[in-house]
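Before any comments, here is the structure.
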Amino acid sequence: MSTELDVFVGNTTVLDEDVYQLWLDGHTVSDAVRIRMEAGALQECEANAEILHSDTMDQFRTFQMCERLLQSPSKVANQLLFQIPPHHQTMLIERYYEFDSVFAREVLGKKLSKGTKKDLDDISSKTGIALKCCRRQFDNFKHVFKVVEELKGPLVENIQRHFLLSDVLARDYAAIVFFANSRFETGKRKLQYLSFQDFAFCAGQLISYWTVGAVDNMMEDLNVDLEKEFLHDLKDLKVLVNDKDMLDQHKSLVCAQLRGKIKVFSEMEASFKNLSRALVNIASKLTHTKDFRDLFIDLVEKFVEPCRSDKWTIGDLRLFLKHYSSSVRMLEAFRHQVIWDRYMGVIQSCILKMYHD
Amino acid sequence: MPGKLKAKIVAGRHLPVMDRASDLTDAFVEVKFGNTTFKTDVYPKSLNPQWNSEWFKFEVDDEDLQDEPLQITVLDHDTYSANDAIGKVYIDIDPLLCSEAATVISGWLPIYDTIHGIRGEINVLVKVDLFNDLNRFRQSSCGVKFFCTTSIPRCYRAIMVHGFVEELVVNEDPEYQWIDRIRTPRASNEARQRLIFLMSGELQRKIGLKVLEMGGNAVVGYLQCFDLEGESGLVVRAIGTACTLEKISSTLLATATHPSNSSPSKDMKEPGFGEEAPGVPLSSGPPTPLRAQTFSSFSPSKSYSRQSSSSDTELSLTPKTGMGSGGSAGKEAGPLKALLRQQTQSALEQREYPFFTLTAFPPGFLLHVGGVVSARSVKLLDRIHNPDEPETRDAWWEEIRQEIKSHAKALGCHAVVGYSESTSICEEVCILSASGTAAILSSRFMQDGPLDTEHRLSRQPLCVFSTGSERVEGDMGSSASLGQQGVFFLLISAPFVCDSLKCCSTHPSIIHFTPFSFFLCYFLFSLSLCCVVVCMYLSAGFVTACAHISMCVCSCLSVFVSECLSIYVCVCVCACVCVRSCVCVYVCPAPSVDYSSFADRCSSWIEQLKLKAHTIRRGSVKTTSSMEKASPLPEGRSRSLRSNRSYSGSSVAVVKMTPLSFIPGAKIIKYLGIINMFFIRETTSLREEGGVSGFLHTFIAEVFAMVRAHVAALGGNAVVSYSMKECVFMENPNKNQAQCLINVSGDAVMFVRESELESTSVQTQSATAHTSNGAEGT
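Shown next as structure tokens:
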């Protein structure tokens with residue numbers, strides 16, 4: 001048996017971004033060495049495999065030691081153990097918190113609990129992302145969730161402040177926290193075509209317009225719960241489909257606007273009442289937790305799929321939704337204009353985002 | 001009570017969780033100096049306590065101030081059981097005792113535990129008020145400056161070089177006391193750490209006293225070593241060169257470009273380096289009382305009146321060899337003359353030991369280099385009669401120094417420069433070795449010298465440098481001009497040494513090793529003139545390896561590799577990376593070493609260093625490519641170019657480390673004091689920490705962190721002449737345990753970049769440690 005001691009420690013911590021990425025991706029040392037060799041590291045440095053191996057070992061060890069710090073990024077800047085130049089610090093943190101959207105898509109809407117953690121094996125084999133890497137990403141989600149859960153104020157800013165992440169990444173994390181908190185159904189087969197980015201966009205919309213925090217920044221606790229009062233008020237929109245006159249009037253207004261402007265005019269005319277009923281019903285049922293969690297599946301089943309089967313183009317859909325929501329203003333008997341606009345604004349952009357193959 | 005030490009505990013941060021129930025800690029701090037202890041209040045339930053204590057005041061003798069470290073212990077308060085220690089911080093207050101060094105220690109220092117490593121940080125403020133005490137019989141030597149640098153520090157000039165000082169203190173090693181059987185490893189480690197702090201404080205004080213006796217005010221080339229002799233005790237010894245230094249005042253630094261006709265001391269050619277103009281008075285009498293005002297404003301005529309007859313040599317000795325306008329050339333003219341004059345005054349050979357630990361000398365100072373002289377002796381530690389007394393060891397070293405002296409004489413030389421001493425201890429066998437370069441210090445001195453060169457033939461010289469004074473810098477112990485050949489040669493010589501090792505490993509008796517090592521030295525030396533260092537160190541390591549001893553430490557090699565790395569990188573990566581310094585801790589492997597693998601290891605080190613250098617270069621090229629294009633490839637280390645990146649965002653000050661005595665491209669404006677720390681780390685969960693590699697990786701990173709923090713607390717931004725040594729490493733994989741001891745030393749300095757003043761950028765220079773151990777089982 002041979003034990004070997006071979007360590008290289010720098011006063012300024014030596015970091016190679018490529019090796020860091022290999023580590024983050026969950027490669028073992030020997031894997032990483034092979035990949036580096038294939039990438040031509042030997043030619044570049046005139047080194048042999050053994051040295052490359054020990055270099056990789058050193059760096060992996062360093063990253064492992066850094067990991068504890070990276071879990072609370074605010075410590076990275078004032079810790080004394082590693083002397084890391086600030087631009088490297090930023091890189092370390094940002095990369096550590098980056099995640100694969102394929103992975104995030106799988107976890108989206110699931111409870112960030114031990115149970116889900118056990119499923120990581122499946123997710124790993126499904127997505128082809130190394131288990132170690134999955135664990136890191138999952139733990140990051142959980143960690144961010146746990147920290148911001150107890151904080152007041154706007155979600156994205158909280159994430160940015162506590163984890164020193166870039167704006168884009170912080171927004172993605174906000175979406176993940178939002179989904180984990182609201183537990184939206186995202187796993188159904190019909191929703192499989194939607195990517196993480198689609199959902200993240202929708203989450204952004206919901207956070208910006210429907211949540212408690214959107215109205216009042218100084219609320220206690222996590223402000224990603226939807227505003228109860230608003231959801232309750234949505235029930236008033238039922239009048240749009242329950243009142244026969246109003247429904248007919250609404251239809252004729254929209255038809256007048258769209259005549260000759262969209263290719264699927266006749267299909268639209270035929271399905272108007274169904275579509276309108278679908279949207280208003282979704283709105284009116286959002287107070288129920290079960291229906292609320294099904295928001296996306298409902299949108300797809302009741303709106304996106306009918307349109308898709310009638311071969312609406314995205315342009316047609318955009319025009320339709322625009323006039324569908326704006327022509328309500330001309331209905332004299334309708335008195336819930338503010339609620340309607342707040343509802344349709346979000347629904348409109350979500351549907352447009354979700355309307356693709 | 002000639003001194004008052006004041007300490008204030010401000011705050012803590014990142015403390016570990018000590019109470020599992022609440023995930024918090026109720027921390028308080030004990031501040032101890034000597035036998036006095038103060039406590040702060042308990043700051044309940046916080047990992048970032050704000051104690052903001054009052055000033056704790058210790059009224060102490062300055063003798064104690066020098067000996068004792070300030071000991072800060074952070075504890076977790078526990079109502080029902082004993083308070084748990086979180087960790088400790090030892091603060092050496094020596095830098096505060098000298099008016100020219102730091103005035104306050106203030107900043108975040110890592111809290112260190114010998115079992116758990118760094119556990120959070122603590123913010124402290126430490127000050128010292130010294131009362132002037134003119135007691136002639138005092139035992140303290142406050143104010144004597146210590147420098148690890150083996151040349152005259154950059155912002156000082158030498159008025160007088162007095163010569164060799166050495167001291168040695170012995171104590172019982174706490175690890176081997178009977179009480180160690182019943183106390184915890186932590187307590188034992190802490191006892192040891194504290195003892196070593198005390199001993200090195202005492203050692204410095206005693207050396208300081210000797211320096212004061214000689215009339216000096218500083219020790220340059222201070223080299224401190226620990227010999228862990230095991231049962232027979234713990235020895236701390238140090239050597240250095242006593243000097244009288246004068247600080248070059250800052251106004252002179254700034255305005256020195258204009259020559260002044262009235263004041264000789266302003267007659268400098270380059271800002272930053274003091275140079276005495278010809279005719280500067282050098283007080284030849286008792287030097288101490290006069291030195292302070294000697295150079296500031298004397299007119300030439302006045303100064304001549306003070307000269308003694310012996311100082312007429314100065315004019316003739318003023319270097320003709322191109323003083324030039326180079327700052328480094330000018331700088332050393334002072335010490336040269338001072339030394340020469342002093343030598344003529346009291347002939348060098350009348351001294352006990354004409355040794356100098358300095359390695360860098362002014363041009364023209366060394367007229368002839370005789371060659372390397374080295375001496376070794378093998379001692380058995382269990383034969384010491386009274387282990388607790390220093391006499392035996394003193395006698396050992398005496399013997400060796402005498403031998404060195406006679407070697408030098410045999411080479412027709414009167415002095416030894418670049419002198420260093422080291423030991424290797426393996427169980428009961430202790431190998432003492434000393435080496436240096438025999439040299440003739442001046443032509444004048446040659447004439448005075450009684451020795452004739454015939455003596456050379458009477459003894460076989462180990463190696464003769466035929467190159468003369470130009471090659472001085474490439475000499476023993478000096479890193480300056482080893483150049484790339486050094487690296488190259490290591491690769492060649494390593495297999496060679498190993499072959500010889502194999503053939504002699506059959507020698508059964510230790511006694512044979514000493515002559516053999518001489519033979520080997522000679523043989524190796526004759527291979528290449530420029531690689532003496534390599535051979536010496538390799539052979540030293542070899543001798544111990546031959547003795548079939550379970551583990552030996554070859555700290556010398558570390559010095560070498562550190563130097564060769566910096567040189568290598570200088571040559572290779574000069575365009576975009578500054579000198580990348582390295583400290584290598586080489587732990588020699590277990591019995592029945594496979595020597596060829598040792599050779600491979602040597603070469604693979606170099607390879608690996610190359611790779612690291614490339615990594616750095618690659619990283620730097622990405623960010624500073626424009627910079628690189630703009631700069632021509634400079635030659636040599638001194639021109640290494642750095643990129644100027646602004647790190648304003650960092651809340652932790654960047655501290656550089658280098659084993660060099662200077663920082664390329666920057667000017668050292670202040671020496672803040674010597675850094676001399678000793679750390680012990682032990683683990684009982686070796687596997688969990690990633691095996692020996694993981695354990696040492698963490699430990700070395702922690703040591704760096706602590707050195708940086710202490711330097712930053714002194715107000716410095718770099719450590720020069722940094723060295724990491726005396727690494728004892730013991731592992732027991734079966735018990736899942738390992739223990740490691742590391743001593744670090746260097747000079748804390750404050751520097752400013754030559755190019756800058758407009759930008760505050762500091763690019764981090766890498767100091768790296770490379771630890772390697774190959775232990776193949778049979």
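One line per chain: the protein sequences are Y and F, in this order.
Oh and the first sequence: position 195 is 195 in full-length UniProt numbering, straight run, nothing missing.
Oh and the second sequence: position 443 is 443 in full-length UniProt numbering, straight run, nothing missing.
A virtual CB, placed ideally from N, CA and C, is assigned to each residue, including glycine.
- Excluding the 5 residues flanking it on each side, isoleucine 663 of chain F has same chain C-beta neighbours closer than 7 Å at Lys656, Ala718, Val720, Phe751, in chain order.
- In the DSSP secondary-structure assignment, valine 300 of chain Y is not bridged to any residue.
- Close to isoleucine 118 of chain F, with beta-carbon spacing below 8 Å, are these residues of chain Y in chain order: Leu80, Leu81.
- Within a 10 Å sphere around the beta-carbon of histidine 88 of chain Y sit 16 or more other beta-carbons, which makes this residue buried.
- Excluding sequence positions up to five before and after methionine 18 of chain F, its CB lies within less than 7 Å of the CB of Thr25, Asp76, Asp84, Ile86, all in the same chain and listed in chain order.
- Within chain F, no C-beta atom comes nearer than 7 Å to that of methionine 37 of chain Y; the closest sits roughly 13 Å away.
- Contact check for isoleucine 118 of chain F against lysine 88 of chain F fails: the beta carbons are separated by 8 Å or more.
- The beta carbons of glycine 716 of chain F and cysteine 98 of chain F sit no closer together than 8 Å.
- Close to lysine 152 of chain Y, with beta-carbon spacing below 7 Å, lies no residue of chain F; the smallest spacing is near 21 Å.
- For the pair valine 169 of chain F and aspartate 227 of chain F, the Cα-to-Cα distance works out to about 10 Å.
- For arginine 61 of chain Y, the chain F residues whose Cβ falls inside 8 Å of its Cβ are Gly690, Ser693, Gly694, His697, in order along the chain.
- Inter-residue distance for isoleucine 196 of chain F and isoleucine 9 of chain F is about 24 Å (C-alpha atoms, whole angstroms).
- Judged by DSSP in its simplified three-state form, alanine 130 of chain Y adopts coil rather than helix or strand.
- Under the three-state reduction of DSSP, serine 721 of chain F is assigned to strand.
- Annotated three-state conformation of aspartate 31 of chain Y is helix, per DSSP.
- Following the DSSP letters along the chain, one finds isoleucine 404 of chain F inside the alpha helix (DSSP H) bounded by residues 391-410.
- Taking a Cβ-Cβ threshold of 8 Å, the residues of chain Y close to histidine 14 of chain F are Lys75, Gln79, in chain order.
- Contact with chain Y is absent for arginine 753 of chain F, since none of that chain's Cβ atoms lies less than 8 Å from the residue's Cβ.
- Any Cβ of chain F closer than 8 Å to the Cβ of asparagine 11 of chain Y would place that residue at the interface, and such an atom is present.
- Taking 8 Å as the CB threshold, methionine 344 of chain Y stays off the interface with chain F.
- Nearest neighbour of asparagine 140 of chain Y by Cα position, chosen from Y/Ala333, Y/Glu150, Y/Pro73, turns out to be Y/Pro73.
- For the stretch 85-115 of chain Y, the beta-carbon criterion of a distance under 7 Å to any beta-carbon of chain F is satisfied by Pro85, Pro86.
- Burial is judged here by how many other beta carbons sit within 10 angstroms of a residue's own beta carbon; serine 81 of chain F has fewer than 16 and is exposed.
- Judged by beta-carbon spacing, phenylalanine 147 of chain F lies within the 8 Å limit of valine 219 of chain F, meaning their Cβ atoms are closer than that value.
- Minimum Cα-Cα distance from leucine 191 of chain Y among the listed residues Y/Glu17, Y/Arg61, Y/Ile351, Y/Leu15 corresponds to Y/Ile351.
- In the DSSP assignment, serine 424 of chain F falls within the unbroken beta strand (DSSP E) covering 415-426.
- Boundaries around leucine 206 of chain Y are those of the alpha helix (DSSP H), 196-209, since no beta strand (DSSP E) includes it.
- For aspartate 6 of chain Y, at least one C-beta of chain F is nearer than 8 Å to its own C-beta.
- For cysteine 255 of chain Y, the enclosing alpha helix (DSSP H) stretches over residues 244-258.
- Bridge pairing for valine 429 of chain F: F/Leu380, F/Cys426 [DSSP].
- Contact check between the stretch 149-159 of chain F and the stretch 234-247 of chain F: three or more CB pairs, one atom from each, fall below 8 Å, which counts as touching.
- When Cβ pairs closer than 8 Å are counted between the two stretches, the stretch 234-252 of chain Y is seen not to touch the stretch 194-211 of chain Y, the count staying below three.
- Burial is judged here by how many other beta carbons sit within 10 angstroms of a residue's own beta carbon; isoleucine 404 of chain F has at least 16 and is buried.
- With contact defined as three or more Cβ pairs closer than 8 Å, the stretch 196-205 of chain F and the stretch 399-414 of chain F are not in contact.
- The C-beta of methionine 268 of chain Y comes no closer than 8 Å to any C-beta of chain F.
- Within chain Y, the C-beta atoms nearer than 7 Å to that of tryptophan 108 of chain F come from Leu80, in chain order.
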